[in-house]
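J.: Under this note's numbering, the first residue of the sequence shown is numbered 98, with each subsequent residue one higher.
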Amino acid sequence: MKRDSLLLGIAATALIAGAAHSGSITAVSWGGAYTKSQVEGYHKPWTAATGHVVVSEDYNGGLAEVKSQVEAGNVTWDIVDLEMSDAVRGCDEGLFETIDPGILPAGADGMAAEDDFINGAITECAVANIVWSTIFAYDNSVLTDGPETIADFFDLEKFSGKRGLRKGPKATLELALAADGVSADQIYEVLGTPEGVDRAFAKLDSIKDQVIWREAGSQPPQLLADGEVVMTTAYNGRIFNAVAAEDKPFTIVWDSQIFDTDLWAIPVGAPNRDLALEFLVFSTAIEQLAAQASYISYGPARKSSMPLVGSFHSKPDLMMGPHMPTAPENFATAIANDFEFWADNQDELNERFNAWLAS
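(1) Using the Cβ count rule (16 or more neighbours within 10 Å means buried), how would you classify Ala161?
(2) Going along the chain, which residues of its own chain have a beta-carbon closer than 8 Å to the beta-carbon of Glu245, five neighbours each way excluded?
(3) Ala440 to Ser121, Cα distance in whole Å?
(4) Look at the alpha carbon of Ala367 and the alpha carbon of Val150, and state the distance between them as a whole number of angstroms.
(5) Which residue's Cα is closest to the Cα of Ala275: Ile432, Ser380, Ser456?
(6) Do you know how far the Cα of Thr241 is from the Cα of Arg370?
(7) Can you tell me which of Asn427, Lys300, Asp189 puts its alpha carbon nearest to the alpha carbon of Met181?
(8) At least one CB of chain C closer than 9 Å to the CB of Ser182: is that the case?
(9) Over the uninterrupted alpha helix (DSSP H) stretch that includes Asn226, give me the two end residues.
(10) I believe Gly261 touches Pro198 by the beta-carbon criterion, under 8 Å. Please report the beta-carbon distance rounded to the nearest angstrom.
(11) Assuming Thr132 and Ser153 form a contact by the criterion Cβ under 8 Å, report the distance between their Cβ atoms to the nearest whole angstrom.
(12) I need the DSSP call for Ile284, collapsed to helix, strand or coil.
(13) Taking contact to mean at least 3 C-beta pairs separated by less than 8 Å, is the region 324-339 in contact with the region 387-396?
(14) Would you mind giving the Cβ-Cβ distance between Lys259 and Val327, rounded to the nearest angstrom? I have them listed as a contact below 8 Å.
(15) Quick one: what does DSSP say Ala313 is sitting in, helix, strand or coil?
(16) Taking the continuous alpha helix (DSSP H) assigned at Met181, which residues delimit it?
(17) Rounded to whole angstroms, what's the CA-CA distance from Lys412 to Arg311? Just pull it up for me.
(18) Would you check if the region 224-232 and the region 296-312 touch, i.e. whether three or more CB-CB distances between them fall below 8 Å?
(19) Hey, could you find the ends of the alpha helix (DSSP H) Lys141 is sitting in?
(20) Apart from the five residues on each side of it in sequence, which residues of its chain come closer than 7 Å, Cβ to Cβ, to Asn157?
(21) So what does DSSP say about Ala116, is it helix, strand or coil?
(22) Can you give me the C-alpha to C-alpha distance between Pro422 and Phe356, rounded to a whole angstrom?
(23) Taking the C-alpha atoms as reference points, what is the distance between Phe428 and Trp127?
(24) Distance check for Leu454 and Ser303, CA to CA, integer angstroms please.
(25) Have a look at Asp435, Ala234, Arg399 and flag the residue whose alpha-carbon is nearest the alpha-carbon of Lys345.
(26) Measure the alpha-carbon distance for Phe214 versus Asp435 and round it to whole angstroms.
(27) From Gly217 to Thr358, what does the alpha carbon distance come to, in whole angstroms?
(28) Three-state secondary structure (DSSP) at Thr173?
(29) Could you spell out where the beta strand (DSSP E) holding Lys412 opens and where it closes?
(30) Distance, Cα to Cα, Ile383 vs Ala390?
(31) Can you tell me where the beta strand (DSSP E) holding Tyr332 begins and where it ends?
(32) According to DSSP, which residues form a beta bridge with Ser153?
(33) Does the Cβ of Pro266 have 16 or more other Cβ atoms within 10 Å, making it buried, or fewer, making it exposed?
Put into C-alpha cells, the structure is as follows:
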C-alpha cells in the first residue's frame, strides 16, 4: 500500500516555525567521510538556520533494518540515505512515504526541480543527493607499476596479493563480468541470464581464496592502509578523502566504474516525519548539494549545483571537478547501475551469493 503524498504545506509550515520550535531527527547514512560531508553540507547549516538537530546513525545499506522497524510499528529512524535499487524496492513494498516533487526547491533561474535534477533522480518515494561510483584502488607506494584495468584486479599472476570486495552480489557480479570481457552496455543483458550469472561466479572463483570481504563503506581505505589488501573495490569518495584529507598514497582506477545515485527517503511511521521532510527539502537545495561536494568527490544530483562546486574544503588548489565520477576522462568505460535489475533480482542473487560464499 502506498501512502498519500506528503503535502507542500508540511514543509512550508516547518520552515516558518522551525527556529521557534527546535526539534531533532535521526538521519541514517553510511558513515565515514560520506556522513562527514553530509554533516558539513546539510546538518550543520540546517541546525544554524532552524535550530533543529540532526542525530547521525550509520548502517551498511539494504532494507532489512527499515523493514523490521516498519513492520514492528517501532520506527526510530526519520530519514535514510539509500541506494537507488533499495529506494525503488522499498517504495514498492510500502516502507517509505511518497514525496510530492512540487515541494522541492527550484533550480537556477526558477527552473522546476524536476527539470533541475539529473534524469531519474526523483522517484515516487525518494530524492537523490549525489552521484557516486564503485571503483577499485591500490596503494601506489606498494604497487609502483599498478593496475590499469578491471581485468588486472582479477589477474593474480600479474598482481599477487589479497583483494578487497564488498560482501554481496551488487557491483561484485558486474565487475566480474567486465573483467571477463563483457562490455559496459551488455553487462545487465548478460547478467540477466542463468549463463551470465554462472559466468560471473566462475570469474569470482578465480580469486575467491584471495578475497577479504568487507561490509562497511569505510573499510577499504583502512584495508589498504594496513596492507591487508593490495587493491580493493571502494566508493570513489572514500578513496578520494583518504588521499585529499589524509595524504594516503592511493590511486583510483576508473576502468569499469559502476555509477549510481544515493537518495533520501522517509520511513513510514517516522517519529519526526514533518521535520524529516523539512530536512529533505533543505538538504536537496542547490547550495547544499554543492556544499557537500566540497567535502567528498560525489557529484551533486542537481544540474544547478554543478557550477557552484569548487575546490576541496581544506585545500583551495585542489579542484573537485576532475575527481568526480562524471568527469569525461573518468567516464569512458563507466557502467550505469541498473536499479530496476537489482530491485527485481536482489533477493535471488543474494541467496546465490551467500550459498557460493559458504561453499
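In this text, a Cβ means the ideal position worked out from N, Cα and C, and glycines have one as well.
Only a predicted model underlies this, so the values are computations on that prediction, with no experimental measurement involved.
T.: The relevant details are as follows:
(1) Here Ala161 is exposed, its C-beta having fewer than 16 other C-beta atoms within 10 Å.
(2) Cβ within range, chain order: Val350, Asp352.
(3) Between the alpha carbons of Ala440 and Ser121 lies a distance of about 32 Å.
(4) Spanning the alpha carbons of Ala367 and Val150 requires a straight line of approximately 16 Å.
(5) Answer by Cα proximity: Ile432.
(6) Each residue's alpha carbon lies about 51 Å from the other.
(7) It is Asp189.
(8) Although the question refers to chain C, the structure presented lacks it and comprises just one protein chain.
(9) Note, Asn226: premise wrong, no alpha helix (DSSP H); beta strand (DSSP E) at 223-236.
(10) Contact flag wrong, Cβ pair sits at about 38 Å.
(11) The beta carbons of Thr132 and Ser153 sit about 6 Å from each other, so the pair counts as a contact at 8 Å.
(12) If DSSP states are grouped into helix, strand and coil, Ile284 belongs with the helices.
(13) Because the criterion of three Cβ pairs below 8 Å is met, the region 324-339 and the region 387-396 touch.
(14) About 6 Å separates the CB atoms of Lys259 and Val327; that is less than 8 Å, so the two are in contact.
(15) Correct three-state label for Ala313: coil.
(16) In the DSSP annotation of this structure, the continuous segment of the alpha helix (DSSP H) that includes Met181 starts and ends at 181-189.
(17) So the alpha carbons of these two residues sit roughly 30 Å apart.
(18) Under the three-pair Cβ rule at 8 Å, the region 296-312 does not count as touching the region 224-232.
(19) 141-147 is the extent of the alpha helix (DSSP H) around Lys141.
(20) Closer than 7 Å at the Cβ level, and outside the excluded window around Asn157, lie Glu312, Ala313.
(21) Bear in mind that a pLDDT of 39 at Ala116, under 50, signals an unreliable position, so the number given afterwards is only what the model happens to contain. Of the three classes helix, strand and coil, the one that applies to Ala116 here is coil, per DSSP.
(22) C-alpha separation (whole angstroms): 7 Å.
(23) Straight-line spacing of the CA atoms in Phe428 and Trp127 works out to 24 Å.
(24) Rounded to the nearest angstrom, the two C-alpha atoms are 13 Å apart.
(25) When only C-alpha atoms are compared, the closest one is Ala234.
(26) Distance from the CA atom of Phe214 to the CA atom of Asp435, rounded to whole angstroms, is 18 Å.
(27) Whole-angstrom Cα-Cα distance: 9 Å.
(28) Thr173 falls in the coil class under three-state DSSP.
(29) For Lys412, the enclosing beta strand (DSSP E) has its first and last residue at 412-416.
(30) Those two C-alpha atoms are separated by around 11 Å.
(31) Unbroken beta strand (DSSP E) run through Tyr332: 328-332.
(32) Assignment of beta-bridge partners to Ser153 by DSSP yields Ala124.
(33) Buried, because 16 or more other Cβ atoms sit within 10 Å of the Cβ of Pro266.
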